[in-house]
Amino acid sequence: MDWRKGKWGGGGPAAVGKMAYQSLRLEYLQIPPVSRAYTTACVLTTAAVQLELITPFQLYFNPELIFKHFQIWRLITNFLFFGPVGFNFLFNMIFLYRYCRMLEEGSFRGRTADFVFMFLFGGFLMTLFGLFVSLVFLGQAFTIMLVYVWSRRNPYVRMNFFGLLNFQAPFLPWVLMGFSLLLGNSIIVDLLGIAVGHIYFFLEDVFPNQPGGIRILKTPSILALIHSTSIYARIVCPWGVLL
Numbered sequence: 000m001d002w003r004k005g006k007w008g009g010g011g012p013a014a015v016g017k018m019a020y021q022s023l024r025l026e027y028l029q030i031p032p033v034s035r036a037y038t039t040a041c042v043l044t045t046a047a048v049q050l051e052l053i054t055p056f057q058l059y060f061n062p063e064l065i066f067k068h069f070q071i072w073r074l075i076t077n078f079l080f081f082g083p084v085g086f087n088f089l090f091n092m093i094f095l096y097r098y099c100r101m102l103e104e105g106s107f108r109g110r111t112a113d114f115v116f117m118f119l120f121g122g123f124l125m126t127l128f129g130l131f132v133s134l135v136f137l138g139q140a141f142t143i144m145l146v147y148v149w150s151r152r153n154p155y156v157r158m159n160f161f162g163l164l165n166f167q168a169p170f171l172p173w174v175l176m177g178f179s180l181l182l183g184n185s186i187i188v189d190l191l192g193i194a195v196g197h198i199y200f201f202l203e204d205v206f207p208n209q210p211g212g213i214r215i216l217k218t219p220s221i222l223a224l225i226h227s228t229s230i231y232a233r234i235v236c237p238w239g240v241l242l
């Protein structure tokens, strides 16, 4: 701003706003595609509930409504809602974004189809287990699964939890479970995420490297084909390319 003339340089507040928008847009587009799509879907779903455009009763996991009334969308939406905006929502979003992105930029770098397959495999197992436990939203368990897989693939990383605890990465899911217990939350969600994460890690990283072991989890070729074309890679939203 030119204080002598009382005017903004470079086009005024509109130009500053445009620059800020472009900066945020570029930062958003730098997030890897799967992490960007999933995190965005979670935020938009929560915003829709907060604005009362939809209700949690339209989103939660209910086998009877899914299989008898064909409300198939619940198979997906129960992974997208983390409760009303508040501490729990922000806590989950931070962990989801952080560890989903680190996985995609780390061990899944250049392997988007494999990362999508991990999402599908983990979601399928959680849905299967969800038939036998009284959980209506599985998003938090899915986050724990991502944290578990990352922690097992980065065993020597030192972690600090709110400046109170220092430990190595493989203990992180268990520390989070203990934190949930201290907050009075059910640990079934954490145990489910840890269990599914361990199943994936064992089948993908451990068993194939054992004597006589084979690779059981194989990414369907259709996922690789979709990713290699613009059908999967170019979903456009108001902020730019979503995937």
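For what it's worth, numbering that gives the first Met the number 0 labels the leading residue of the sequence shown as 0, then goes sequentially. Virtual Cβ for every residue (Gly too), placed ideally from N, Cα, C. Owing to the predicted nature of the structure, the values given are computational and were not obtained by experimental measurement.
Assuming V33 and T111 form a contact by the criterion Cβ under 8 Å, report the distance between their Cβ atoms to the nearest whole angstrom. T111 and V33 do touch by the CB rule: their CB atoms are close to 6 Å apart, below 8 Å.
Under the three-state reduction of DSSP, which class applies to F250: helix, strand or coil? With the chain running from 0 to 242 in the structure shown, residue 250 is simply not present.
Under the DSSP definition of a beta bridge, which residues are partnered with R243? The structure shown has nothing for residue 243, since the chain only spans 0 to 242.
Assuming M144 and G105 form a contact by the criterion Cβ under 8 Å, report the distance between their Cβ atoms to the nearest whole angstrom. Not quite, the Cβ-Cβ distance comes to about 16 Å (not below 8 Å), so this is no contact.
What residue range is occupied by the uninterrupted beta strand (DSSP E) comprising N159? From DSSP, the beta strand (DSSP E) with N159 extends over 157–160.
Backbone CA spacing between T45 and I30 [nearest angstrom]: For the pair T45 and I30, the Cα-to-Cα distance works out to about 20 Å.
Which of the three DSSP states, helix, strand or coil, is assigned to W7? Annotation note: pLDDT 48 at W7 (below 50); position unreliable, coordinate value reported separately. Looking at W7 - three-state DSSP - the assignment turns out to be coil, as it is neither helix nor strand.
Is R157 near F200, with beta carbons less than 7 Å apart? The answer is no: Cβ separation not under 7 Å.
Hey, how far is the Cα of W2 from the Cα of M18? Confidence at W2 is low in this model, with a pLDDT of 41, below 50, so the placement of that residue should be treated as unreliable; the coordinate-derived value is given next. For W2 and M18, the gap between their C-alpha atoms comes out near 21 Å.
Around the C-beta of G162, are 16 or more other C-beta atoms found within 10 angstroms, so that it is buried, or is it exposed? Exposed is the label assigned to G162, since fewer than 16 other Cβ atoms lie within 10 Å of its Cβ.
For the alpha helix (DSSP H) that contains L202, what are its first and last residues? Where L202 is concerned, there is no enclosing alpha helix (DSSP H), because DSSP gives it neither an H nor an E.
Quick check on the burial criterion: 16 or more other C-beta atoms within 10 angstroms. Buried or exposed for N208? Residue burial annotation: N208 is exposed, with fewer than 16 other C-beta atoms found within 10 angstroms of its C-beta.
For Q49 and V115, I'd like the C-alpha separation in whole angstroms. Approximately 28 Å between the Cα atoms of the pair.
How about V132 and I187: are their beta carbons less than 7 Å apart? Contact flag set, yes.
Determine the extent of the alpha helix (DSSP H) in which P62 is found, giving its start and end residues. P62: member of the alpha helix (DSSP H) spanning 62–66, first to last residue.
Cβ distance (whole Å) where L137 is taken to contact G129 below 8 Å: Confirmed, about 6 Å.
By Cβ distance, which residues of its chain are closer than 7 Å to E63, with the 5 residues on each side in sequence left out? Closer than 7 Å at Cβ, skipping near neighbours: no residue.
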